Amino acid sequence: VQLQASGGGSVRAGESLKLSCRASRIITSDFVKSRMAWYRQAPGKQRDLVAELTSGTSTNYQDSVKGRFTISRDNAKKMVYLQMNSLEPEDTAVYYCNVQVGSRDYWGRGTLVTVSS
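Numbering (this note's numbering), first residue to last: 360 to 476.
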């Protein structure tokens, strides 16, 4: 499985960004059953879960992004998205797409989000 994330950039506080992650080398039926997630890692900090979406519609968000971020997926396109609204400087980090297929985890390279005040 390969993951390619995109959509990062530099924005001002209060603005929005939408991250996208394309999965390849995975059959659609496995993608449909997979757990998708976005993590982020700020400079000098550990990588933390931002949002996750199960094969159904169950979602889980880090407390700091609840109400601002929305994770979604398009199984037909093998895509996962992270809509980020009302961005804050504290959201500055490298964002990583993660797919869990069965017991195996796959990671993309990450996309940098920088939020200035």
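Note that CB positions come from ideal geometry on N, CA and C, so glycine has one too.
These numbers come from a predicted model, not from an experiment.
| Item | Value |
| --- | --- |
| Would residue 443 pass as a contact of residue 362 if the rule is Cβ separation under 8 Å? | no |
| If we ignore side chains and look at the alpha-carbon of each, how far apart do residue 475 and residue 381 end up? | 27 Å |
| In this structure, does DSSP put residue 404 in helix, strand or coil? | coil |
| Going by Cα to Cα distance, which pick from 419, 447, 414 is closest to residue 394? | 414 |
| Between which two residues does the beta strand (DSSP E) containing residue 418 stretch? | 418 to 420 |
| Can you find the residues in the same chain that come closer than 6 Å, C-beta to C-beta, to residue 367, ignoring five residues on each side of it along the sequence? | 470, 471, 472 |
| Provide the residue span of the alpha helix (DSSP H) that contains residue 391, from first to last. | 387 to 392 |
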